[in-house]
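First comes the structure, then the notes that go with it.
In my numbering, the protein residues as written are 42 to 210.
What follows is the structure, encoded as structure tokens:
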């Protein structure tokens, strides 16, 4: 059995690595997970399991690792809540994608958002054309907020995967 301190340190290292890696993927990835993303996350979690507990596959080793992950997550969320600078570093800043009907192509490229994805987000908010969008912002959580003076409907909707739409019919 691995010493508990080793499991704690390994689990913290893996947690920090995963947080940094997800941050580097970009905000867009947070709002919508594709099948490929889900498979990737499952494989990553399986591959880092051994890195956290080492050769210790006991119940105690797994519970120690899980407790450390829950604790680290709790502490990080509290730290982000209390410190706006660290929150900005981890979560990033909102990014303007459209201003008064003009698409900011450089920001689309930097955030790896296609024109089709932007147009789909506008339609989800009830706006037929990008030219009618006063402001489109990629939020910290990966969702796109759309504001338009031509429409009274101003909301931020979560992206719904197409498989969920089929269930409504």
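Glycine residues also receive a C-beta, built at the ideal position from the N, C-alpha and C atoms.
Please read all numbers here as calculations on a predicted model, not as lab measurements.
Mind listing, in chain order, the continuous alpha helix (DSSP H) runs of no fewer than 4 residues lying wholly within the region 102–132? 125–132
C-alpha distance - residue 129 paired with residue 91, whole-angstrom precision: Within the chain shown, residue 129 is the residue found at index 88, counting from 1. Within the chain shown, residue 91 is the residue found at index 50, counting from 1. Distance between the alpha carbons of residue 129 and residue 91: 32 Å.
Where does residue 164 land, buried or exposed, given buried means 16+ other C-beta within 10 angstroms? The residue labelled residue 164 in the question sits at position 123 within the chain shown. Answer is exposed; the Cβ neighbour count stays below 16.
Which residues in the same chain have their Cβ closer than 7 Å to the Cβ of residue 43, if we skip the five residues on either side of it in sequence? Walking along the chain shown from the start, residue 43 turns up at place 2. Same-chain partners within the cutoff: 94, 95, 96, 97 and 102.
Can you tell me whether DSSP reads residue 189 as helix, strand or coil? Start at 1 with the first residue of the chain shown, and residue 189 comes out as number 148. Residue 189 falls in the coil class under three-state DSSP.
Starting from the Cα of residue 88, find the closest Cα among 50, 58, 140 and 139 and give me that residue. Counting from 1 along the chain shown, the entry for residue 88 is found at position 47. If we check each option's Cα against that of residue 88, 58 comes out closest.
Taking Cβ to Cβ, would you say residue 142 is nearer than 7 Å to residue 118? For the purposes of this step, residue 142 is taken as the residue at position 101 of the chain shown. For the purposes of this step, residue 118 is taken as the residue at position 77 of the chain shown. No; because the gap between Cβ atoms is not below 7 Å, this pair is not in contact.
Beta-carbon gap between residue 139 and residue 177 smaller than 7 Å: Along the chain shown, one-based indexing puts residue 139 at 98. Along the chain shown, one-based indexing puts residue 177 at 136. Taking 7 Å as the Cβ cut-off, residue 139 and residue 177 qualify as a contacting pair.
Output the distance between the C-alpha atoms of residue 208 and residue 132, rounded to the nearest integer angstrom. Within the chain shown, numbered from 1, the residue matching residue 208 stands at position 167. Within the chain shown, numbered from 1, the residue matching residue 132 stands at position 91. Note that residue 208 has pLDDT 43, beneath the 50 cutoff, so the model's placement of it is unreliable and the number below is only indicative. Between residue 208 and residue 132, the C-alpha separation is close to 33 Å.
Using three-state DSSP, classify residue 169 as helix, strand or coil. Residue mapping note: residue 169 aligns to position 128 of the chain shown, counting from 1. Reduced to three states, the DSSP call for residue 169 is coil.
Between which residues of its own chain and residue 206 is the CB-CB distance below 6 Å, once the five residues before and five after are set aside? Taking the chain shown and counting its residues from 1, the one referred to as residue 206 is at position 165. Confidence in residue 206 is poor, its pLDDT being 45 and thus under 50, which makes the residue's placement too unreliable to answer from.
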